[in-house]
Amino acid sequence: MKKKFVKYIKILSIAPLFFLSGCSKSPEMTLEEIEAYRAGSQNDLIGKTVSRPWKDEGWKNGSVGGIWNTSITGDPKSFNILIAERDAETASILSPLTEALVDYNVVKKKWVPRCASFEIKTDEEKETLDVIYTLRDDLYWSFYNDSKPKVKVTSEDVVFWYKEIMCDEQIGSSSYNSQFMEMPDGSEGLITIEKIDELSFAFHFPRIVAEPLLATNMSFGPAFLYKPAKEKGGAQGIKDLFSVATDPKLIPSMGEYFITEYTPGQRIVYERNPNYWEKDQALESVNYPQKKIAQIVGDRNTEYLLFKQQKLESYSPTPEQLDDMVSAASNKIDPEGKLLSVKSGFTVFNSAGGMSAPMWTFNQNPKNKDEHFYKWFTKKEFRQAMSCILNRERIISQAYRGLAEPKYSFFPEANTFFNENIVLKYRFSHAHAKKLLESAGFSVRSDGFLYDPDGAKVEFDLTVTSANPVYCDIAQIITDECKKAGITVNVRQTDFQKLVEQLTSTYDWQSLIIGLSGAAIFPTQGSNVWVSSGNLHMWYPLQEKPATDWEARIDFLYNAAKCTIDEEKARGLWNEYQEIILEQCPVIYLVRSRNFFALQNRWDFSNVYFDNMNGAETRHVFLQQ
0 MKKKFVKYIK ILSIAPLFFL SGCSKSPEMT LEEIEAYRAG SQNDLIGKTV
50 SRPWKDEGWK NGSVGGIWNT SITGDPKSFN ILIAERDAET ASILSPLTEA
100 LVDYNVVKKK WVPRCASFEI KTDEEKETLD VIYTLRDDLY WSFYNDSKPK
150 VKVTSEDVVF WYKEIMCDEQ IGSSSYNSQF MEMPDGSEGL ITIEKIDELS
200 FAFHFPRIVA EPLLATNMSF GPAFLYKPAK EKGGAQGIKD LFSVATDPKL
250 IPSMGEYFIT EYTPGQRIVY ERNPNYWEKD QALESVNYPQ KKIAQIVGDR
300 NTEYLLFKQQ KLESYSPTPE QLDDMVSAAS NKIDPEGKLL SVKSGFTVFN
350 SAGGMSAPMW TFNQNPKNKD EHFYKWFTKK EFRQAMSCIL NRERIISQAY
400 RGLAEPKYSF FPEANTFFNE NIVLKYRFSH AHAKKLLESA GFSVRSDGFL
450 YDPDGAKVEF DLTVTSANPV YCDIAQIITD ECKKAGITVN VRQTDFQKLV
500 EQLTSTYDWQ SLIIGLSGAA IFPTQGSNVW VSSGNLHMWY PLQEKPATDW
550 EARIDFLYNA AKCTIDEEKA RGLWNEYQEI ILEQCPVIYL VRSRNFFALQ
600 NRWDFSNVYF DNMNGAETRH VFLQQ
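The numbers in numbering that gives the first Met the number 0 rise by one with no breaks, and the one at position 553 of the sequence shown is 552.
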């Protein structure tokens with residue numbers, strides 16, 4: 000499924016493609032052994048898998064029919080798309096019911112219409128900008144089996160969602176802060192929305208920006224249901240709509256599928272929406288599988304067994320499973336990329352290193368100012384030292400079986416403003432970590448433990464989600480390396496929802512490993528993370544004003560660069576932006592893993608692709624005839 004390009008970023012509730020079976024330690028290897036192992040593993044396995052990146056080749060007409068069997072790791076938290084903003088699993092469950100306004104073609108590097116066409120108007124004299132969207136005329140909120148009359152999707156849906164949900168502080172949408180813009184004089188401007196007619200609406204920017212479509216692209220819900228809920232119950236009325244107790248057949252869809260059945264702990268069933276707007280050249284809707292069944296399977300070994308039994312259509316193997324899977328594959332695409340008429344077995348695809356990477360971050364929220372760890376974590380030298388203690392090569396060999404690479408840059412290579420010369424300076428070196436800690440007044444005493452200038456022993460928690468074994472393994476490696484430096488790290492496994500609560504409301508965590516969704520093709524993706532006022536500015540969110548000089552500078556650079564049309568001028572601003580974050584180390588990126596994806600050969604592969612920018616492209620998949 001291709002990514003939706005939106006401005007804000009979500010916390011990933013699902014684990015990455017690679018997992019370990021537990022938190023056991025693996026034998027250490029020398030750097031030379033690690034490098035040799037990594038090279039050998041990659042060359043051998045990649046040579047036996049298929050590379051098929053999407054190149055915008057166009058789509059082959061398919062045929063309707065068949066059941067697409069998939070799996071999810073847990074139950075949805077709600078059937079409400081507002082609630083889904085904070086939970087990637089729930090968001091993925093509801094995504095077949097919604098659509099974005101536009102999409103970004105990463106091959107052509109241009110925006111393309113989805114639900115709406117667009118026009119950008121710039122007033123150089125007033126220094127303002129408008130984005131005018133016009134919705135397609137064939138969009139409908141439909142109900143399963145036409146149990147209720149379908150309702151036309153109009154501009155009222157988008158205008159209501161933006162003004163009354165996204166921009167209502169009481170509701171707490173992840174995109175709330177994206178409406179605000181810092182003006183050249185330091186004042187605060189607002190991106191407003193205006194209904195033009197039944198299908199058209201306009202976003203009005205108080206100043207010119209470089210990527211107005213990124214700032215306004217969105218999915219939305221049906222105003223004819225959410226509006227009465229708000230009028231009756233306010234913010235809570237919105238949040239209470241479409242709980243998991245709702246009969247899913249009552250939930251309208253403007254997307255590819257309806258949810259027709261939900262059995263807690265077992266499965267979610269989808270049925271094809273015949274009113275879906277996207278058609279092939281034969282005028283058939285491109286949501287070809289008649290039904291989709293998502294089994295709720297929390298155990299990776301069970302998922303793998305189901306895939307081998309052909310009860311799942313696709314699977315992302317763990318490192319331990321990869322050798323077995325590659326050996327058993329009957330690849331449907333030959334080394335030259337030719338499609339073969341293989342109908343049994345499965346094919347394994349590979350992609351280059353992921354666009355994003357898990358990160359290690361430290362709580363700097365003054366709510367915890369009386370705690371020893373707050374004093375440590377707010378010291379730049381301490382965070383830099385932690386980066387030097389982080390042994391990425393060991394993580395790659397033990398947690399990723401050599402199929403990953405260190406993440407030393409801030410932007411990914413695909414980002415226009417990626418600069419290969421701007422890299423992290425604080426790499427694995429216990430000697431450098433010791434110097435940094437000593438410069439900040441820390442010292443190792445005769446008992447072998449590290450103490451701060453006040454005489455407090457350095458000991459802190461490292462939280463990981465219990466649903467992600469690979470993070471557990473990384474945490475154990477960090478614990479071991481910190482022990483060598485005299486630092487005690489206590490690994491705390493917690494439920495994902497508890498972790499989200501700690502990050503966004505209670506702020507009672509110390510350090511943690513987490514992954515964020517979003518490929519950051521654009522530097523302004525992550526407006527709710529990197530700007531100090533963001534609700535996911537993890538180390539200290541929702542700041543009324545920047546807590547540090549460097550965060551104030553980041554805010555300035557972000558706002559100045561996003562409003563700079565001249566690419567070369569913007570490049571200088573984004574360069575400094577990257578340099579500051581890599582110098583201050585509020586988050587420390589770990590590694591980028593190479594990803595693998597397997598698909599049953601009973602499907603026609605004409606429309607199937609896999610790469611690190613789009614992931615697995617299966618939106619136009621259909622059964623082999």
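Where a beta carbon is used, it is the ideal one built from N, C-alpha and C, also for glycine. The structure displayed is predicted, hence computed values, not measured ones.
Cβ shell of residue i (< 6 Å), same chain only, five flanking positions each side left out
i	result
E550	S531
Q169	A234
Y373	N367
L436	A384
A653	What the structure shows of the chain is the stretch from 0 to 624, and residue 653 is not part of that stretch, so it cannot be assessed.
A83	T89, A90, L93
S408	V422
G21	Any reading at G21 must be qualified, since the residue scores a pLDDT of 31, below 50, and its modelled position is unreliable; the value itself is stated next. Closer than 6 Å at the Cβ level, and outside the excluded window around G21, lies no residue.
P452	G440
M165	S172, S174
Opening and closing residue of the alpha helix (DSSP H) in which residue i lies
i	result
W375	371 to 376
E380	379 to 388
V528	526 to 529
S438	429 to 438
N574	566 to 583
L213	211 to 215
S70	Not the alpha helix (DSSP H): S70 falls in the beta strand (DSSP E), residues 66 to 71.
F159	154 to 159
F495	495 to 500
E118	That residue, E118, is in no alpha helix (DSSP H); its beta strand (DSSP E) goes 115 to 122.
Residue i, DSSP secondary structure in three states
i	result
Y470	helix
K76	coil
K108	coil
P545	coil
T262	strand
P318	helix
V296	coil
H619	coil
M0	Here M0 scores only 44 on pLDDT, less than 50, and its place in the model is too uncertain to base an answer on.
V325	helix
R632	Outside the shown range of the chain (0 to 624) lies residue 632, about which nothing can therefore be said.
E335	coil
T505	helix
E302	helix
Test: residue i CB closer than 8 Å to a CB of chain D
i	result
L44	No chain D appears in the structure shown, which is made up of a single protein chain.
7 Å Cβ shell around residue i - same chain, five flanking residues per side excluded
i	result
A432	A384, C387, I388, A484
A656	Past the edges of the chain, shown from 0 to 624, lies residue 656, and the structure says nothing about it.
D507	Q501
M182	G188, P205, R206
V130	F117, I119, A201, F202, P211, L212, T215
Extent of the continuous beta strand (DSSP E) run through residue i
i	result
D460	458 to 464
E187	187 to 189
S350	345 to 352
S94	Premise fails: S94 is in no beta strand (DSSP E) and is neither H nor E.
Y608	608 to 610
K278	Unbroken run through K278: none, as it is neither H nor E.
Q599	590 to 599
S174	Per DSSP, S174 belongs to no beta strand (DSSP E) and is neither H nor E.
E404	403 to 405
Buried or exposed (CB count within 10 angstroms, at least 16 for buried), residue i
i	result
V607	buried
M537	buried
G682	Shown here, the chain extends from 0 to 624; a query on residue 682 therefore has no answer.
P585	buried
V499	buried
I192	buried
Q308	exposed
L282	exposed
V111	exposed
P263	exposed
V101	buried
H619	buried
Neighbourhood of residue i by C-beta distance below 8 Å, restricted to the same chain and skipping five residues each side
i	result
K456	F448, L449, Y450, T487
K226	F159, E163
S343	S329, N600, R601
T346	V49, A328, S329, N330, K331, I332, A597, L598, N600, F604
Distance cut-off 7 Å: residue i Cβ against heavy atoms of the ligand ADP
i	result
Y175	For the structure depicted, the ligand ADP is absent and the ligand set is empty, with no information on it obtainable.
Taking only runs of the alpha helix (DSSP H) that begin and end inside the stretch 222 to 262, which ones reach a length of at least 4 residues, in chain order? 222 to 239
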